[in-house]
DNA sequence: GCAAGAATCGAACGACCGTTCAATACTTTT
DNA sequence: AAAAGTATTGAACGGTCGTTCGATTCTTGC
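Protein chains in written order, with the numbering used here: chain A, 4 to 201; chain B, 4 to 201.
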């Protein structure tokens, strides 16, 4: 076929995303230049990036989108593999922390950056985020069906709980005194008791 | 005295900080230019800013420092005004949310931006942050003295709890269905039960 | 082998931005 | 009123960065 994309087109694209993720996490989005990403990919020109992405923001939005889709897929699977709602919560928390640790993505930073994008570009990302939150909300409702009576209580409680999970990024150190499994265990135990109290 | 600073020098400085806070919250640090801050202050030249701050980063670090000092002062006072540790936790959470609401500062964004600063400039800010965390840790230890046996447990539990409070920024809407008092109430109740479980 | 589009690259453009500088106006003490 | 230092300003500098362009090379179906 003439004029067809190279077989390794998607691979190259993925390399860009991987290198960009590392650089964004270390230096932030604005302090990372296209030239830097290209160099990290061992390309000799920054114009090379533009063959795979229309602009710099697209690298960011693709990165966040792919990441959230992965999180949702893996968390869904982990949660679906157990029956008891207590076990589901544990699986949810643990799987989130595992992915955060594997990918070393600075989620609060990406989140903040995303919030500055034009509303139209935020839309699909917000939708994925909502999926993630709704997954957690479902588990919380199973754990404590009573709260469904009061309007919005389930949602607010879910958002409060989500903070415990998401904020972990800002302080957790894999080389610290606790493993992610232990932190996940403590978080789960706290949430289990706490969520029953409202 | 010849060559003394004008009486309103500190006022002007504060105006810069206030306008910068608003702009940073809305557009982020990097997308806000010195010229924009100057214009928001009704100054006719961006060089004017440099009479009050040595550079743009100093505006950011001063902003965060002042904010954290205010938070610590107000939260300390609120916590000190009550006796029971349960009341202290409630006061802590409520006061944090009140300040966040009053000042409309995007704390997670400022936090992320601060993390990219040179280590030396981060130091005093990290110290203030630690003060805030330690305040919360003290309350948690009062609530659950048992955890002091296991090393690091109190600190990790504190950090997990702090996530619930700090993440509120990213989702709380004053025009939403719940007031900050109600959210603070729910957060406190959840934490009270949850923290006892570890 | 030729045509057409993909892949890659080097160079340049155009805009913006943080910072500096020199000059002017203002204030206050002596 | 003179001196000295502050307050403010407009203009310019130096650099960076995202993006574009044109050219070249490579791949592949006809």
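For each residue, glycine too, the CB sits at the ideal point set by N, CA and C. Given the structure is predicted, the values throughout are model-derived calculations rather than measurements.
{"Asked": "Whole-angstrom distance between residue 157 of chain A and residue 89 of chain B, CA atom to CA atom", "Found": "23 Å"}
{"Asked": "Rounded straight-line distance, which links the Cα of residue 52 of chain B to that of residue 139 of chain B", "Found": "37 Å"}
{"Asked": "Which of helix, strand or coil DSSP assigns to residue 65 of chain B", "Found": "helix"}
{"Asked": "Three-pair Cβ contact test at 8 Å for the segment 103-119 of chain A versus the segment 14-26 of chain B", "Found": "no"}
{"Asked": "Residue 111 of chain B at chain A interface by Cβ criterion, 8 Å", "Found": "yes"}
{"Asked": "Test: residue 30 of chain A CB closer than 8 Å to a CB of chain B", "Found": "yes"}
{"Asked": "Inter-residue Cα distance where the pair is residue 134 of chain B and residue 81 of chain B", "Found": "15 Å"}
{"Asked": "Three-state secondary structure assigned by DSSP to residue 36 of chain B", "Found": "coil"}
{"Asked": "Contact list for the segment 179-195 of chain A against chain B, Cβ threshold 9 Å", "Found": "179, 180, 181, 185, 186, 189, 190, 192, 193, 194 and 195"}
{"Asked": "Alpha carbon of residue 144 of chain A to alpha carbon of residue 153 of chain A, nearest angstrom", "Found": "12 Å"}
{"Asked": "Exposure of residue 91 of chain A, with buried meaning 16 or more beta-carbon neighbours within 10 Å", "Found": "buried"}
{"Asked": "Assigned secondary structure, residue 90 of chain B (DSSP; H/G/I helix, E/B strand, else coil)", "Found": "helix"}
{"Asked": "DSSP three-state assignment for residue 154 of chain A, whether helix, strand or coil", "Found": "coil"}
{"Asked": "8 Å Cβ cutoff, residue 166 of chain A in contact with chain B", "Found": "yes"}
{"Asked": "Chain-ordered neighbours of residue 34 of chain B on chain A, where CB pairs are closer than 7 Å", "Found": "119"}
{"Asked": "Near-chain A residues of the segment 114-139 of chain B (beta-carbon distance less than 8 Å), N- to C-terminal order", "Found": "114, 115, 116, 118 and 119"}
{"Asked": "Short Cβ contact (8 Å threshold) for residue 167 of chain B with residue 31 of chain A", "Found": "no"}
{"Asked": "Below-8 Å beta-carbon distance, residue 7 of chain B vs any chain A residue", "Found": "no"}
{"Asked": "Residues near residue 26 of chain A in its chain [Cβ-Cβ closer than 7 Å; skip 5 each side]", "Found": "35, 39, 40 and 43"}
{"Asked": "8 Å Cβ cutoff met for residue 171 of chain B and residue 103 of chain B", "Found": "yes"}
{"Asked": "Within chain B, the residues that residue 173 of chain A reaches when beta carbons sit closer than 7 Å", "Found": "114"}
{"Asked": "Straight-line Cα distance separating residue 63 of chain A from residue 201 of chain A", "Found": "38 Å"}
{"Asked": "Coil, strand or helix - residue 182 of chain A by DSSP", "Found": "coil"}
{"Asked": "When A/141, A/177 and A/149 are compared against residue 162 of chain A, the one with the closest alpha-carbon", "Found": "A/141"}
{"Asked": "Within chain B, the residues that residue 58 of chain A reaches when beta carbons sit closer than 8 Å", "Found": "The contacting residues do not exist; residue 58 of chain A stays about 15 Å from chain B at best."}
{"Asked": "Exposure label - residue 137 of chain B; buried when at least 16 CB within 10 Å", "Found": "exposed"}
{"Asked": "Residue environment, residue 73 of chain A, which counts as buried when at least 16 other CB atoms sit within 10 Å", "Found": "exposed"}
{"Asked": "Chain-ordered neighbours of residue 169 of chain B on chain A, where CB pairs are closer than 7 Å", "Found": "166 and 170"}
{"Asked": "Members of the segment 54-83 of chain A that neighbour chain B once the beta carbon cut-off is set at 8 Å", "Found": "none"}
{"Asked": "Nearest candidate by alpha-carbon position, reference residue 16 of chain A, set A/54, A/37 and A/100", "Found": "A/54"}
{"Asked": "Any non-hydrogen atom of the ligand ZN within 7 Å of residue 158 of chain A CB", "Found": "Here there are no bound small molecules, and the ligand ZN is not part of this structure."}
{"Asked": "Nearest-angstrom Cα separation, counted from residue 14 of chain A out to residue 130 of chain A", "Found": "27 Å"}
{"Asked": "Test: residue 199 of chain A CB closer than 8 Å to a CB of chain B", "Found": "yes"}
{"Asked": "Amino acids of chain A, ordered along the chain, whose beta-carbon sits closer than 7 Å to that of residue 163 of chain B", "Found": "167, 189, 190 and 193"}
{"Asked": "Proximity below 8 Å, CB of residue 149 of chain A to CB of residue 197 of chain B", "Found": "no"}
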